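Residue numbers (the working numbering), protein chains in the order written: chain A, 1 to 133; chain B, 1 to 187.
Glycine included, each C-beta is placed from N, C-alpha and C at the ideal position.
Because the structure is a prediction, the values reported are computed rather than measured.
Let me begin by presenting the structure, written as structure tokens, before commenting on it.
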Amino acid sequence: MHDYLSKRLYVVLHMGQGPVFNLNDPRVMPVGNSQRFDLTDDIWIERLDTDLGRLIMKACEPTHHRIDNAIIDRHLYAFVRRVPDNESSRFAGMQELLSAISVSRLVYPTSTGQRYCAWVNWVGDGDPIIQAI
Amino acid sequence: MILGEGTKDWLNESEAGELRGLLNGWLGFGHMMPKRIHRAYWTHEFLMRVSVTDIRWILVVSGIEALVNTKSTGNKKQFVDRGFYLANKFNIALSRDNLENAYDVRSELVHAENFLVALDNFVPVVHQNVLCEKFEWLLRITLKTCFLDETFGEIFNDPRQSRRACDDGPVDIYRRSGSLTSSRSPR
């Protein structure tokens, strides 16, 4: 998949339809497919690949019964942070990512929320471990 | 989170660039936010999570008050005078009447005297959402400028400046800080 393989990440998905025209046009979107826009040394905006996007959605949705709300990937882009090596407490590093999103609303208000907010860890082959936060 | 009707709901590239500037500027150095700026910032984030305009109205007025009110008397006057100056500074079309009415509406709402829809004697119902959004933009751009412009942000930090702002009026004190809308590089 990507260079984030074998890494641990915090991810917050921004859901939405986005512009109706070319999603890869940098004038309208910070990132095209599978591109990333660095915000700081360890925080960036990225359009995740559709498989990963869908898996994160699935992890963060209620389980329901005989209903799958994560059939297709609906994320427009994601705010991502590499999990710091020395966190003072579990998920402490998520705070900085959420702060970046909060500051983004001073630039332009968006509906980026905390519904699809996850800790993602690649261990070995196959799908990553994803924990909804 | 509810955005205005027909509003785009994503960051474009230039906005992402602006965010990068903010995160790598003053905010990125681990400074403690001045208390008044911190309270206004927290209030802005909180109001972004509320969909009901009745509550957003209260919060946005509180956020602006957190910045501009420096003493516990004459709250409405401080809000109107200094809010009007900030609105002019940032080219947001708010009149003194708008500010006075907004404060009166906020007082009715915060004391649960009425629902917003019943307060059309202050602000016509059809204008309420638009006016609330203007105040939100005022709070937003003021906060953003605090993080981009050290001199401007200091107004909301330094007690002497605050007292002077209170005594001399906002125009003098803000004028001393130079060009507030200039696009200075982040610190």
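*Would Thr50/A pass as a contact of Asp68/A if the rule is Cβ separation under 8 Å?*
no
*Closer than 8 Å, CB to CB, is Met48/B near chain A or not?*
yes
_Check whether Asn98/B and Leu131/B have beta carbons under 8 Å apart_ = yes
_For Arg36/A and Glu46/A, believed in contact at Cβ under 8 Å, the rounded distance_ = 4 Å
*Own chain residues within Cβ distance below 6 Å of Ala132/A, not counting five before or after*: Ala59, Cys60, Ala118
*Which of helix, strand or coil DSSP assigns to Asp104/B*: helix
*Could you tell me whether the Cβ of Cys166/B comes closer than 8 Å to any Cβ of chain A?*
Confidence in Cys166/B is poor, its pLDDT being 46 and thus under 50, which makes the residue's placement unreliable; the coordinate value appears in the next sentence. Output row for Cys166/B: interface = no.
*Under a three-way DSSP split, which group does His127/B fall into?*
helix
*Does the distance from the CB of Ala66/B to the CB of Ala102/B come in under 8 Å?*
no
*Give me the Cα-Cα distance between Cys166/B and Leu86/B, rounded to the nearest whole angstrom.*
Confidence is the limiting factor: at Cys166/B the pLDDT is only 46, short of 50, which leaves the residue's position unreliable, though a coordinate-based value still follows. Computed Cα separation, rounded: 15 Å.
_Starting from Val117/B, trace the beta strand (DSSP E) in both directions and tell me its first and last residue._
Run containing Val117/B: none; DSSP gives neither H nor E here.
_Backbone secondary structure at Cys166/B - three-state DSSP_ = In this prediction, Cys166/B has a pLDDT of 46, which is less than 50 and means its spatial position is unreliable; nothing more can be read from the coordinates.
*asked:* I'd like the list of long-range same chain contacts for Asp54/B, defined as Cβ closer than 7 Å, with 5 residues on each side in sequence excluded.
replied: Leu109, Phe115, Leu116
*Could you tell me whether the Cβ of Asn12/B comes closer than 8 Å to any Cβ of chain A?*
yes
*asked:* I'd like to know whether the C-beta of Tyr108/A is nearer than 8 Å to at least one C-beta of chain B.
replied: yes
*Use the C-beta contact count for Val11/A: other C-beta atoms within 10 angstroms, 16 or more gives buried, fewer gives exposed.*
buried
_Span of the alpha helix (DSSP H), counted from its first residue to its last, around Val103/A_ = 94-107
*Just the Cα atoms here: how many angstroms apart are Leu47/B and Leu106/A?*
12 Å
*Please determine, among Gln17/A, Arg66/A, Phe79/A, the residue with the shortest C-alpha to C-alpha distance to Thr40/A.*
Phe79/A
*asked:* So Ser104/A and Leu11/B are supposed to be a Cβ contact under 8 Å. How far apart are they, rounded?
replied: 6 Å
*For Asp9/B, decide whether its Cβ has a neighbour in chain A, counting only Cβ atoms nearer than 8 Å.*
yes
*Within 10 angstroms of its Cβ, does Ser62/B collect 16 or more other Cβ (buried), or is it exposed?*
buried
_Residues of chain A with CB closer than 8 Å to the CB of Arg140/B, please, in chain order._
Arg105, Leu106, Pro109
*So with Cβ pairs under 8 Å, would you call Lys89/B a contact of chain A?*
no
_Status (buried if at least 16 other CB within 10 Å, exposed otherwise) for Gln128/B_ = buried
*Could you tell me whether the Cβ of Val28/A comes closer than 8 Å to any Cβ of chain B?*
yes
*Measure the alpha-carbon distance for Thr7/B versus Gly124/A and round it to whole angstroms.*
42 Å
*Please work out which residues of its chain come closer than 7 Å, Cβ to Cβ, to Arg56/B, disregarding the five sequence neighbours upstream and downstream, and give them in chain order.*
Leu47, Val50, Cys132
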